[in-house]
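The structure appears right after this line, and notes come after that.
In our numbering, the protein residues as written are 194 to 736.
Now the structure itself:
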(Lines of atoms letter the chains of each structure in order from A; the text may use other names.)
(Lines give C-alpha, C1' and ligand atoms only; values in the text may rest on other atoms or scores of the structure.)
Protein backbone atom coordinates (compact mmCIF):
# COMPACT_ATOMS: atom_id res chain seq x y z
CA UNK A 194 0.00 0.00 0.00
CA UNK A 195 2.81 2.41 0.84
CA UNK A 196 4.30 1.77 -2.60
CA UNK A 197 0.92 2.72 -4.04
CA UNK A 198 1.10 6.00 -2.10
CA UNK A 199 4.43 6.77 -3.74
CA UNK A 200 2.93 6.26 -7.20
CA UNK A 201 -0.14 8.31 -6.23
CA UNK A 202 1.95 11.24 -4.99
CA UNK A 203 4.53 11.22 -7.79
CA UNK A 204 7.37 10.17 -5.49
CA UNK A 205 8.82 7.19 -7.37
CA UNK A 206 10.19 6.47 -10.84
CA UNK A 207 8.48 3.53 -12.63
CA UNK A 208 11.58 1.28 -12.81
CA UNK A 209 12.37 1.76 -9.12
CA UNK A 210 8.78 0.96 -8.22
CA UNK A 211 8.87 -2.26 -10.26
CA UNK A 212 12.07 -3.35 -8.49
CA UNK A 213 10.42 -2.83 -5.10
CA UNK A 214 7.29 -4.72 -6.17
CA UNK A 215 9.37 -7.66 -7.44
CA UNK A 216 11.21 -7.76 -4.10
CA UNK A 217 7.94 -7.92 -2.12
CA UNK A 218 6.49 -10.59 -4.42
CA UNK A 219 9.62 -12.78 -4.07
CA UNK A 220 9.52 -12.40 -0.29
CA UNK A 221 5.87 -13.40 -0.20
CA UNK A 222 6.41 -16.49 -2.42
CA UNK A 223 9.39 -17.75 -0.37
CA UNK A 224 7.62 -17.36 2.95
CA UNK A 225 6.33 -20.54 4.54
CA UNK A 226 2.94 -20.75 6.19
CA UNK A 227 3.07 -19.31 9.69
CA UNK A 228 6.40 -17.56 9.15
CA UNK A 229 7.00 -13.95 10.16
CA UNK A 230 8.36 -11.60 7.47
CA UNK A 231 10.29 -8.41 8.21
CA UNK A 232 9.17 -5.84 5.61
CA UNK A 233 11.36 -2.94 4.54
CA UNK A 234 9.48 0.31 3.91
CA UNK A 235 9.56 1.19 0.16
CA UNK A 236 11.08 4.62 0.87
CA UNK A 237 14.02 2.82 2.58
CA UNK A 238 14.30 0.18 -0.13
CA UNK A 239 14.35 2.45 -3.20
CA UNK A 240 15.18 6.12 -3.81
CA UNK A 241 12.19 8.48 -3.68
CA UNK A 242 11.95 10.95 -6.54
CA UNK A 243 9.96 14.06 -5.69
CA UNK A 244 8.57 15.50 -8.90
CA UNK A 245 8.18 12.14 -10.64
CA UNK A 246 5.04 11.67 -12.72
CA UNK A 247 1.99 10.61 -10.73
CA UNK A 248 0.67 7.21 -11.77
CA UNK A 249 -2.93 6.55 -10.79
CA UNK A 250 -3.10 3.25 -12.65
CA UNK A 251 -0.16 1.74 -10.75
CA UNK A 252 -1.43 3.17 -7.46
CA UNK A 253 -4.83 1.58 -8.08
CA UNK A 254 -3.29 -1.82 -8.89
CA UNK A 255 -1.18 -1.78 -5.74
CA UNK A 256 -4.07 -0.70 -3.53
CA UNK A 257 -6.21 -3.47 -5.03
CA UNK A 258 -3.47 -6.02 -4.33
CA UNK A 259 -3.14 -4.77 -0.76
CA UNK A 260 -6.93 -4.88 -0.34
CA UNK A 261 -6.96 -8.52 -1.47
CA UNK A 262 -4.90 -9.29 1.64
CA UNK A 263 -7.68 -7.74 3.76
CA UNK A 264 -6.19 -4.28 4.32
CA UNK A 265 -9.09 -1.82 5.00
CA UNK A 266 -6.78 1.18 4.56
CA UNK A 267 -6.12 0.09 0.97
CA UNK A 268 -9.89 0.01 0.37
CA UNK A 269 -10.04 3.51 1.81
CA UNK A 270 -7.32 4.66 -0.61
CA UNK A 271 -9.24 3.14 -3.54
CA UNK A 272 -12.33 5.03 -2.43
CA UNK A 273 -10.32 8.24 -2.28
CA UNK A 274 -8.97 7.69 -5.82
CA UNK A 275 -12.46 7.35 -7.28
CA UNK A 276 -13.90 10.14 -5.13
CA UNK A 277 -11.35 12.79 -6.15
CA UNK A 278 -11.06 11.81 -9.81
CA UNK A 279 -7.62 13.38 -9.93
CA UNK A 280 -5.74 10.25 -11.04
CA UNK A 281 -8.51 7.93 -12.28
CA UNK A 282 -11.91 8.66 -13.76
CA UNK A 283 -14.18 10.01 -11.03
CA UNK A 284 -16.82 7.45 -10.02
CA UNK A 285 -18.74 8.22 -6.83
CA UNK A 286 -20.63 4.90 -6.87
CA UNK A 287 -17.30 3.02 -6.88
CA UNK A 288 -15.95 5.37 -4.21
CA UNK A 289 -18.79 4.70 -1.76
CA UNK A 290 -18.61 0.97 -2.54
CA UNK A 291 -14.96 0.89 -1.47
CA UNK A 292 -15.72 3.04 1.58
CA UNK A 293 -18.45 0.57 2.60
CA UNK A 294 -16.00 -2.33 2.29
CA UNK A 295 -13.42 -0.40 4.33
CA UNK A 296 -16.07 0.31 6.97
CA UNK A 297 -16.99 -3.37 7.08
CA UNK A 298 -13.30 -4.10 7.65
CA UNK A 299 -13.25 -1.84 10.69
CA UNK A 300 -12.22 1.51 9.16
CA UNK A 301 -13.79 4.38 11.09
CA UNK A 302 -12.83 6.79 8.31
CA UNK A 303 -14.57 4.58 5.76
CA UNK A 304 -17.71 4.53 7.89
CA UNK A 305 -17.65 8.32 8.24
CA UNK A 306 -17.23 8.80 4.47
CA UNK A 307 -20.25 6.55 3.87
CA UNK A 308 -22.31 8.68 6.27
CA UNK A 309 -21.25 11.95 4.66
CA UNK A 310 -21.83 10.74 1.08
CA UNK A 311 -25.26 9.37 2.08
CA UNK A 312 -26.25 12.79 3.47
CA UNK A 313 -25.10 14.49 0.25
CA UNK A 314 -26.49 11.83 -2.07
CA UNK A 315 -23.07 11.21 -3.63
CA UNK A 316 -22.78 7.85 -5.37
CA UNK A 317 -25.98 6.64 -3.70
CA UNK A 318 -29.56 7.71 -3.09
CA UNK A 319 -29.69 10.69 -0.78
CA UNK A 320 -30.87 9.70 2.71
CA UNK A 321 -30.17 12.51 5.13
CA UNK A 322 -31.50 10.73 8.22
CA UNK A 323 -29.55 7.53 7.56
CA UNK A 324 -26.34 9.44 6.86
CA UNK A 325 -26.74 11.68 9.90
CA UNK A 326 -27.41 8.65 12.08
CA UNK A 327 -24.00 7.24 11.13
CA UNK A 328 -22.23 10.54 11.70
CA UNK A 329 -24.01 11.29 14.99
CA UNK A 330 -23.31 7.84 16.40
CA UNK A 331 -19.61 8.38 15.75
CA UNK A 332 -19.73 11.94 17.11
CA UNK A 333 -21.47 10.70 20.27
CA UNK A 334 -18.56 8.27 20.66
CA UNK A 335 -16.25 11.31 20.67
CA UNK A 336 -14.77 10.68 17.21
CA UNK A 337 -13.16 14.07 16.40
CA UNK A 338 -13.46 13.63 12.63
CA UNK A 339 -17.17 12.86 12.93
CA UNK A 340 -17.61 16.01 15.04
CA UNK A 341 -15.81 18.00 12.33
CA UNK A 342 -18.09 16.61 9.60
CA UNK A 343 -21.17 17.27 11.73
CA UNK A 344 -20.02 20.84 12.32
CA UNK A 345 -19.41 21.38 8.60
CA UNK A 346 -22.89 20.10 7.70
CA UNK A 347 -24.59 22.48 10.14
CA UNK A 348 -22.28 25.39 9.25
CA UNK A 349 -23.24 25.11 5.56
CA UNK A 350 -26.81 23.87 5.93
CA UNK A 351 -26.02 20.74 3.90
CA UNK A 352 -28.91 18.31 4.35
CA UNK A 353 -29.87 20.03 7.61
CA UNK A 354 -31.17 23.43 8.66
CA UNK A 355 -28.22 25.79 8.96
CA UNK A 356 -27.44 26.11 12.67
CA UNK A 357 -24.31 28.01 13.68
CA UNK A 358 -24.77 27.14 17.36
CA UNK A 359 -24.70 23.39 16.66
CA UNK A 360 -21.78 23.86 14.25
CA UNK A 361 -19.70 25.78 16.80
CA UNK A 362 -20.53 23.29 19.59
CA UNK A 363 -19.39 20.41 17.37
CA UNK A 364 -16.15 22.17 16.44
CA UNK A 365 -15.46 23.02 20.08
CA UNK A 366 -15.90 19.36 21.11
CA UNK A 367 -13.54 18.32 18.31
CA UNK A 368 -11.01 20.94 19.44
CA UNK A 369 -11.05 19.57 22.99
CA UNK A 370 -10.21 16.17 21.49
CA UNK A 371 -7.15 17.69 19.82
CA UNK A 372 -8.42 18.12 16.24
CA UNK A 373 -6.31 20.92 14.77
CA UNK A 374 -8.82 21.38 11.93
CA UNK A 375 -11.42 22.34 14.56
CA UNK A 376 -9.36 25.36 15.58
CA UNK A 377 -9.27 26.37 11.90
CA UNK A 378 -13.05 26.02 11.56
CA UNK A 379 -13.64 28.07 14.70
CA UNK A 380 -11.18 30.70 13.53
CA UNK A 381 -12.95 30.88 10.18
CA UNK A 382 -16.38 31.12 11.83
CA UNK A 383 -15.51 34.05 14.07
CA UNK A 384 -13.48 35.73 11.32
CA UNK A 385 -16.54 35.82 9.03
CA UNK A 386 -18.49 37.91 11.55
CA UNK A 387 -16.09 40.79 10.94
CA UNK A 388 -16.73 42.15 14.45
CA UNK A 389 -13.64 43.45 16.34
CA UNK A 390 -14.25 41.30 19.46
CA UNK A 391 -14.90 38.21 17.37
CA UNK A 392 -11.82 38.89 15.24
CA UNK A 393 -9.71 38.74 18.39
CA UNK A 394 -11.35 35.40 19.19
CA UNK A 395 -10.67 34.18 15.66
CA UNK A 396 -7.03 35.17 16.03
CA UNK A 397 -6.69 33.07 19.20
CA UNK A 398 -8.04 29.97 17.45
CA UNK A 399 -5.65 30.44 14.54
CA UNK A 400 -2.80 30.82 17.05
CA UNK A 401 -3.75 27.47 18.62
CA UNK A 402 -3.83 25.78 15.20
CA UNK A 403 -0.49 27.35 14.25
CA UNK A 404 1.06 26.21 17.53
CA UNK A 405 -0.08 22.69 16.66
CA UNK A 406 1.92 22.94 13.44
CA UNK A 407 -0.80 23.87 10.95
CA UNK A 408 0.93 25.88 8.21
CA UNK A 409 -2.40 27.12 6.81
CA UNK A 410 -3.16 28.61 10.23
CA UNK A 411 0.15 30.49 10.03
CA UNK A 412 -1.05 32.01 6.77
CA UNK A 413 -4.38 33.14 8.26
CA UNK A 414 -2.62 34.43 11.37
CA UNK A 415 -0.07 36.30 9.28
CA UNK A 416 -2.78 37.89 7.16
CA UNK A 417 -4.67 39.10 10.23
CA UNK A 418 -1.57 40.52 11.92
CA UNK A 419 -0.49 42.26 8.71
CA UNK A 420 -3.92 43.89 8.45
CA UNK A 421 -4.34 44.61 12.15
CA UNK A 422 -7.44 42.42 12.46
CA UNK A 423 -8.11 41.39 16.05
CA UNK A 424 -4.72 42.70 17.15
CA UNK A 425 -2.30 45.58 16.68
CA UNK A 426 -1.10 45.82 13.11
CA UNK A 427 2.42 44.54 12.43
CA UNK A 428 2.96 44.10 8.71
CA UNK A 429 6.42 42.57 8.86
CA UNK A 430 5.51 40.14 11.65
CA UNK A 431 2.52 39.03 9.59
CA UNK A 432 4.63 38.56 6.48
CA UNK A 433 7.21 36.60 8.50
CA UNK A 434 4.53 34.09 9.52
CA UNK A 435 3.41 33.75 5.91
CA UNK A 436 7.03 33.20 4.85
CA UNK A 437 7.27 30.33 7.37
CA UNK A 438 4.43 28.63 5.50
CA UNK A 439 6.20 29.41 2.22
CA UNK A 440 9.33 27.67 3.53
CA UNK A 441 7.15 24.64 4.30
CA UNK A 442 6.15 24.57 0.63
CA UNK A 443 2.51 25.63 1.00
CA UNK A 444 1.52 27.07 -2.42
CA UNK A 445 -1.23 29.32 -1.04
CA UNK A 446 1.34 31.07 1.17
CA UNK A 447 2.90 32.64 -1.92
CA UNK A 448 -0.41 34.14 -2.99
CA UNK A 449 -1.09 35.25 0.60
CA UNK A 450 2.18 37.20 0.59
CA UNK A 451 1.19 38.74 -2.73
CA UNK A 452 -2.09 39.90 -1.17
CA UNK A 453 -0.21 41.83 1.52
CA UNK A 454 1.40 43.87 -1.27
CA UNK A 455 -1.86 44.19 -3.23
CA UNK A 456 -4.04 45.35 -0.32
CA UNK A 457 -3.90 48.78 1.25
CA UNK A 458 -5.05 47.16 4.50
CA UNK A 459 -1.52 45.81 4.94
CA UNK A 460 0.43 48.99 4.31
CA UNK A 461 1.16 50.86 1.10
CA UNK A 462 -0.02 49.09 -2.04
CA UNK A 463 2.98 47.88 -4.03
CA UNK A 464 1.64 46.89 -7.49
CA UNK A 465 4.96 45.61 -8.88
CA UNK A 466 5.69 43.38 -5.89
CA UNK A 467 2.10 42.17 -5.79
CA UNK A 468 2.05 41.10 -9.44
CA UNK A 469 5.51 39.50 -9.31
CA UNK A 470 4.54 37.63 -6.11
CA UNK A 471 1.36 36.32 -7.74
CA UNK A 472 3.47 35.20 -10.71
CA UNK A 473 5.79 33.36 -8.30
CA UNK A 474 2.78 31.70 -6.71
CA UNK A 475 1.64 30.59 -10.18
CA UNK A 476 5.00 28.87 -10.67
CA UNK A 477 4.28 26.97 -7.45
CA UNK A 478 1.00 25.70 -8.90
CA UNK A 479 -1.42 28.26 -7.45
CA UNK A 480 -4.50 28.44 -9.68
CA UNK A 481 -5.93 31.00 -7.26
CA UNK A 482 -3.11 33.33 -8.28
CA UNK A 483 -3.98 32.82 -11.95
CA UNK A 484 -7.48 33.99 -11.07
CA UNK A 485 -6.16 36.99 -9.12
CA UNK A 486 -3.91 38.03 -11.99
CA UNK A 487 -6.89 37.70 -14.32
CA UNK A 488 -8.94 39.89 -11.97
CA UNK A 489 -6.14 42.47 -11.74
CA UNK A 490 -5.97 42.89 -15.52
CA UNK A 491 -9.74 42.61 -15.93
CA UNK A 492 -10.56 45.27 -13.32
CA UNK A 493 -7.43 47.41 -13.56
CA UNK A 494 -6.90 47.33 -9.78
CA UNK A 495 -3.07 47.38 -9.77
CA UNK A 496 -2.31 48.18 -13.38
CA UNK A 497 -4.09 49.29 -16.53
CA UNK A 498 -7.07 47.26 -17.76
CA UNK A 499 -6.06 44.59 -20.26
CA UNK A 500 -8.95 42.23 -21.13
CA UNK A 501 -6.81 40.11 -23.48
CA UNK A 502 -4.20 39.47 -20.77
CA UNK A 503 -6.92 38.80 -18.19
CA UNK A 504 -8.51 36.24 -20.50
CA UNK A 505 -5.18 34.42 -20.91
CA UNK A 506 -4.85 34.02 -17.12
CA UNK A 507 -8.44 32.81 -16.77
CA UNK A 508 -7.89 30.35 -19.61
CA UNK A 509 -4.76 28.99 -17.93
CA UNK A 510 -6.72 28.53 -14.69
CA UNK A 511 -9.48 26.74 -16.61
CA UNK A 512 -6.98 24.41 -18.28
CA UNK A 513 -5.63 23.58 -14.83
CA UNK A 514 -9.11 22.34 -13.95
CA UNK A 515 -10.30 25.44 -12.08
CA UNK A 516 -14.04 25.95 -12.61
CA UNK A 517 -13.87 29.60 -11.58
CA UNK A 518 -11.44 30.18 -14.45
CA UNK A 519 -13.91 28.67 -16.90
CA UNK A 520 -16.72 30.79 -15.44
CA UNK A 521 -14.72 34.00 -15.76
CA UNK A 522 -13.76 33.10 -19.34
CA UNK A 523 -17.41 32.48 -20.16
CA UNK A 524 -18.47 35.75 -18.55
CA UNK A 525 -15.90 37.79 -20.50
CA UNK A 526 -17.04 36.19 -23.76
CA UNK A 527 -20.72 36.69 -22.95
CA UNK A 528 -20.19 40.33 -21.95
CA UNK A 529 -18.38 40.89 -25.28
CA UNK A 530 -15.07 41.81 -23.65
CA UNK A 531 -13.29 39.51 -26.12
CA UNK A 532 -14.49 40.80 -29.53
CA UNK A 533 -13.16 37.80 -31.43
CA UNK A 534 -15.38 35.37 -29.49
CA UNK A 535 -19.13 34.84 -29.94
CA UNK A 536 -21.29 35.26 -26.79
CA UNK A 537 -22.99 31.97 -27.70
CA UNK A 538 -19.60 30.29 -27.15
CA UNK A 539 -19.53 31.66 -23.62
CA UNK A 540 -23.02 30.35 -22.90
CA UNK A 541 -21.95 26.95 -24.28
CA UNK A 542 -19.03 26.93 -21.81
CA UNK A 543 -21.28 27.93 -18.95
CA UNK A 544 -24.36 25.77 -19.43
CA UNK A 545 -22.90 22.29 -18.76
CA UNK A 546 -21.33 23.57 -15.54
CA UNK A 547 -24.69 25.01 -14.49
CA UNK A 548 -26.48 21.78 -15.51
CA UNK A 549 -24.18 19.90 -13.12
CA UNK A 550 -25.63 22.05 -10.31
CA UNK A 551 -22.65 24.39 -9.81
CA UNK A 552 -24.04 27.36 -7.78
CA UNK A 553 -21.65 29.96 -9.22
CA UNK A 554 -22.58 29.00 -12.80
CA UNK A 555 -26.29 29.15 -11.94
CA UNK A 556 -25.84 32.63 -10.43
CA UNK A 557 -24.00 33.82 -13.55
CA UNK A 558 -26.77 32.48 -15.81
CA UNK A 559 -29.23 34.31 -13.58
CA UNK A 560 -27.27 37.55 -13.98
CA UNK A 561 -27.23 37.10 -17.77
CA UNK A 562 -31.00 36.55 -17.87
CA UNK A 563 -31.70 39.41 -15.43
CA UNK A 564 -29.54 41.95 -17.28
CA UNK A 565 -30.48 40.84 -20.81
CA UNK A 566 -26.83 40.45 -21.80
CA UNK A 567 -27.46 37.94 -24.58
CA UNK A 568 -31.22 38.22 -25.09
CA UNK A 569 -34.11 40.33 -23.79
CA UNK A 570 -34.15 40.50 -19.97
CA UNK A 571 -36.05 37.55 -18.53
CA UNK A 572 -36.74 37.93 -14.81
CA UNK A 573 -38.63 34.64 -14.60
CA UNK A 574 -35.61 32.76 -15.95
CA UNK A 575 -33.29 34.73 -13.65
CA UNK A 576 -35.39 33.83 -10.61
CA UNK A 577 -35.35 30.18 -11.68
CA UNK A 578 -31.55 30.14 -11.84
CA UNK A 579 -31.18 32.01 -8.53
CA UNK A 580 -33.66 29.62 -6.86
CA UNK A 581 -31.59 26.62 -8.01
CA UNK A 582 -28.38 28.28 -6.76
CA UNK A 583 -30.08 29.05 -3.43
CA UNK A 584 -31.20 25.43 -3.15
CA UNK A 585 -27.53 24.45 -3.57
CA UNK A 586 -26.61 26.69 -0.63
CA UNK A 587 -25.28 29.66 -2.63
CA UNK A 588 -25.17 32.85 -0.56
CA UNK A 589 -24.83 34.88 -3.79
CA UNK A 590 -27.97 33.16 -5.08
CA UNK A 591 -29.81 34.08 -1.88
CA UNK A 592 -28.77 37.75 -2.01
CA UNK A 593 -29.53 38.12 -5.75
CA UNK A 594 -32.97 36.58 -5.24
CA UNK A 595 -33.64 38.68 -2.15
CA UNK A 596 -32.72 41.85 -4.06
CA UNK A 597 -35.24 41.04 -6.82
CA UNK A 598 -38.00 40.28 -4.30
CA UNK A 599 -37.22 43.42 -2.26
CA UNK A 600 -36.61 46.01 -4.96
CA UNK A 601 -37.71 44.46 -8.25
CA UNK A 602 -40.85 44.94 -10.32
CA UNK A 603 -44.10 45.09 -8.34
CA UNK A 604 -45.27 41.89 -10.06
CA UNK A 605 -42.55 39.84 -8.39
CA UNK A 606 -42.07 41.84 -5.19
CA UNK A 607 -42.31 39.69 -2.07
CA UNK A 608 -40.90 41.51 0.96
CA UNK A 609 -41.34 38.69 3.53
CA UNK A 610 -39.55 36.28 1.17
CA UNK A 611 -36.79 38.86 0.58
CA UNK A 612 -36.31 39.32 4.33
CA UNK A 613 -36.14 35.55 4.93
CA UNK A 614 -33.50 35.17 2.20
CA UNK A 615 -31.39 38.04 3.54
CA UNK A 616 -31.59 36.53 7.04
CA UNK A 617 -30.50 33.10 5.75
CA UNK A 618 -27.59 34.64 3.82
CA UNK A 619 -26.61 36.70 6.88
CA UNK A 620 -26.63 33.54 9.01
CA UNK A 621 -24.29 32.00 6.41
CA UNK A 622 -21.83 34.87 6.96
CA UNK A 623 -22.75 37.44 4.30
CA UNK A 624 -22.13 40.95 5.62
CA UNK A 625 -23.97 42.45 2.63
CA UNK A 626 -27.05 40.37 3.48
CA UNK A 627 -26.76 41.32 7.16
CA UNK A 628 -26.72 45.00 6.15
CA UNK A 629 -29.81 44.59 3.94
CA UNK A 630 -31.61 42.63 6.67
CA UNK A 631 -30.88 45.42 9.16
CA UNK A 632 -32.18 48.04 6.72
CA UNK A 633 -35.43 46.10 6.23
CA UNK A 634 -35.89 45.76 10.02
CA UNK A 635 -35.29 49.49 10.50
CA UNK A 636 -37.87 50.38 7.82
CA UNK A 637 -40.33 47.60 8.62
CA UNK A 638 -40.13 46.07 5.17
CA UNK A 639 -41.14 42.40 5.17
CA UNK A 640 -40.95 42.25 8.97
CA UNK A 641 -42.09 44.19 12.04
CA UNK A 642 -40.43 47.65 12.19
CA UNK A 643 -37.72 48.10 14.79
CA UNK A 644 -35.60 51.15 13.89
CA UNK A 645 -33.25 50.84 16.87
CA UNK A 646 -32.43 47.19 16.26
CA UNK A 647 -32.22 47.63 12.49
CA UNK A 648 -29.80 50.55 12.69
CA UNK A 649 -27.68 48.67 15.22
CA UNK A 650 -27.34 45.72 12.83
CA UNK A 651 -26.31 47.99 9.95
CA UNK A 652 -23.89 49.81 12.27
CA UNK A 653 -22.23 46.49 13.19
CA UNK A 654 -21.50 45.88 9.51
CA UNK A 655 -20.35 49.48 9.02
CA UNK A 656 -17.86 49.07 11.89
CA UNK A 657 -16.01 46.51 9.80
CA UNK A 658 -15.26 49.24 7.23
CA UNK A 659 -17.98 48.11 4.81
CA UNK A 660 -18.56 51.19 2.63
CA UNK A 661 -22.01 50.09 1.42
CA UNK A 662 -23.11 49.71 5.05
CA UNK A 663 -21.80 53.20 5.89
CA UNK A 664 -23.89 54.58 3.04
CA UNK A 665 -27.02 52.71 4.16
CA UNK A 666 -26.45 53.82 7.76
CA UNK A 667 -26.23 57.44 6.62
CA UNK A 668 -29.54 57.07 4.78
CA UNK A 669 -31.28 55.45 7.76
CA UNK A 670 -30.05 58.15 10.15
CA UNK A 671 -31.08 61.04 7.90
CA UNK A 672 -34.14 59.77 6.02
CA UNK A 673 -36.78 60.02 8.75
CA UNK A 674 -38.48 56.78 7.70
CA UNK A 675 -36.51 54.57 10.10
CA UNK A 676 -36.86 56.25 13.47
CA UNK A 677 -35.72 59.69 14.66
CA UNK A 678 -33.09 61.42 12.53
CA UNK A 679 -29.54 61.94 13.79
CA UNK A 680 -27.77 64.39 11.51
CA UNK A 681 -24.40 64.31 13.25
CA UNK A 682 -24.25 60.51 13.12
CA UNK A 683 -25.37 60.52 9.47
CA UNK A 684 -22.62 62.99 8.54
CA UNK A 685 -20.04 60.90 10.43
CA UNK A 686 -21.10 57.75 8.53
CA UNK A 687 -20.89 59.48 5.15
CA UNK A 688 -17.51 61.04 5.98
CA UNK A 689 -16.12 57.60 6.87
CA UNK A 690 -17.30 56.41 3.47
CA UNK A 691 -15.53 59.39 1.87
CA UNK A 692 -12.28 58.46 3.63
CA UNK A 693 -12.68 54.96 2.19
CA UNK A 694 -12.74 56.51 -1.30
CA UNK A 695 -16.49 56.61 -1.99
CA UNK A 696 -17.33 59.69 -4.10
CA UNK A 697 -21.09 59.06 -3.89
CA UNK A 698 -20.89 59.82 -0.16
CA UNK A 699 -19.78 63.37 -1.05
CA UNK A 700 -22.95 63.83 -3.09
CA UNK A 701 -25.05 62.50 -0.20
CA UNK A 702 -23.39 64.98 2.18
CA UNK A 703 -24.04 67.80 -0.27
CA UNK A 704 -27.69 66.78 -0.52
CA UNK A 705 -28.05 66.77 3.29
CA UNK A 706 -26.84 70.35 3.67
CA UNK A 707 -28.59 71.56 0.51
CA UNK A 708 -31.98 70.28 1.70
CA UNK A 709 -31.46 70.74 5.44
CA UNK A 710 -32.39 67.10 5.99
CA UNK A 711 -31.48 66.13 9.58
CA UNK A 712 -28.92 69.01 9.59
CA UNK A 713 -29.25 72.80 9.35
CA UNK A 714 -29.47 74.27 5.84
CA UNK A 715 -25.96 75.21 4.71
CA UNK A 716 -25.48 76.05 1.05
CA UNK A 717 -21.76 76.69 1.38
CA UNK A 718 -21.11 73.26 2.89
CA UNK A 719 -23.26 71.71 0.18
CA UNK A 720 -21.13 73.44 -2.49
CA UNK A 721 -17.99 72.28 -0.66
CA UNK A 722 -19.02 68.63 -0.84
CA UNK A 723 -20.28 68.88 -4.44
CA UNK A 724 -17.06 70.50 -5.55
CA UNK A 725 -15.03 67.77 -3.85
CA UNK A 726 -17.10 65.19 -5.73
CA UNK A 727 -16.42 67.09 -8.96
CA UNK A 728 -12.70 67.16 -8.19
CA UNK A 729 -12.46 70.81 -7.15
CA UNK A 730 -12.40 71.46 -3.41
CA UNK A 731 -14.07 74.81 -2.58
CA UNK A 732 -13.70 75.23 1.18
CA UNK A 733 -16.67 76.90 2.92
CA UNK A 734 -16.05 80.23 4.65
CA UNK A 735 -17.48 78.97 7.93
CA UNK A 736 -17.07 75.64 9.72
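Virtual Cβ for every residue (Gly too), placed ideally from N, Cα, C.
By the three-class DSSP mapping on this structure, what secondary structure does residue i have?
i, result
"residue 338", "helix"
"residue 329", "helix"
"residue 722", "helix"
"residue 321", "helix"
"residue 264", "coil"
"residue 357", "helix"
"residue 652", "helix"
"residue 609", "helix"
"residue 546", "helix"
"residue 413", "helix"
"residue 638", "coil"
"residue 727", "helix"
"residue 593", "helix"
"residue 702", "helix"
"residue 395", "helix"
"residue 672", "helix"
"residue 251", "helix"
"residue 645", "helix"
"residue 582", "helix"
"residue 577", "helix"
"residue 604", "coil"
"residue 680", "helix"
"residue 711", "coil"
"residue 566", "coil"
"residue 534", "coil"
"residue 660", "helix"
Roughly how many angstroms separate the alpha carbons of residue i and residue j, rounded to a whole number?
i, j, result
"residue 717", "residue 654", "32 Å"
"residue 725", "residue 386", "34 Å"
"residue 524", "residue 588", "19 Å"
"residue 373", "residue 535", "49 Å"
"residue 312", "residue 333", "18 Å"
"residue 310", "residue 330", "16 Å"
"residue 314", "residue 361", "24 Å"
"residue 683", "residue 476", "48 Å"
"residue 470", "residue 480", "13 Å"
"residue 553", "residue 547", "8 Å"
"residue 530", "residue 542", "16 Å"
"residue 379", "residue 491", "34 Å"
"residue 583", "residue 696", "33 Å"
"residue 485", "residue 508", "13 Å"
"residue 706", "residue 676", "20 Å"
"residue 353", "residue 599", "26 Å"
"residue 393", "residue 335", "28 Å"
"residue 259", "residue 266", "9 Å"
"residue 451", "residue 503", "17 Å"
"residue 345", "residue 364", "9 Å"
"residue 366", "residue 497", "50 Å"
"residue 319", "residue 652", "42 Å"
"residue 217", "residue 441", "Caution applies to residue 217, whose pLDDT of 46 falls short of 50 and renders its modelled position unreliable; the model cannot decide the point."
"residue 727", "residue 342", "54 Å"
"residue 566", "residue 537", "11 Å"
"residue 371", "residue 560", "44 Å"
"residue 669", "residue 304", "53 Å"
Short check: CB of residue i to CB of residue j, under 8 Å?
i, j, result
"residue 526", "residue 514", "no"
"residue 611", "residue 618", "no"
"residue 382", "residue 348", "yes"
"residue 614", "residue 605", "no"
"residue 647", "residue 667", "no"
"residue 272", "residue 292", "yes"
"residue 694", "residue 723", "no"
"residue 467", "residue 449", "no"
"residue 446", "residue 438", "yes"
"residue 557", "residue 563", "no"
"residue 629", "residue 595", "yes"
"residue 638", "residue 671", "no"
"residue 592", "residue 623", "yes"
"residue 410", "residue 419", "no"
Are the C-beta atoms of residue i and some chain D residue less than 8 Å apart?
i, result
"residue 348", "This model lacks chain D altogether; it includes just one protein chain."
Item to complete: Would you mind listing the alpha helix (DSSP H) stretches within the segment 457-528 that are 4+ residues and don't spill past its ends, in chain order?
Response: Segments of the alpha helix (DSSP H) lying fully in the segment 457-528: 464-476, 480-492, 500-512 and 516-527.
| said: Report the start-end ranges of each beta strand (DSSP E) in the segment 264-311 that is 3 residues or longer and not cut off at the edges. | reply: Listed in chain order, the beta strand (DSSP E) elements of length 3 or more contained wholly in the segment 264-311 amount to none.
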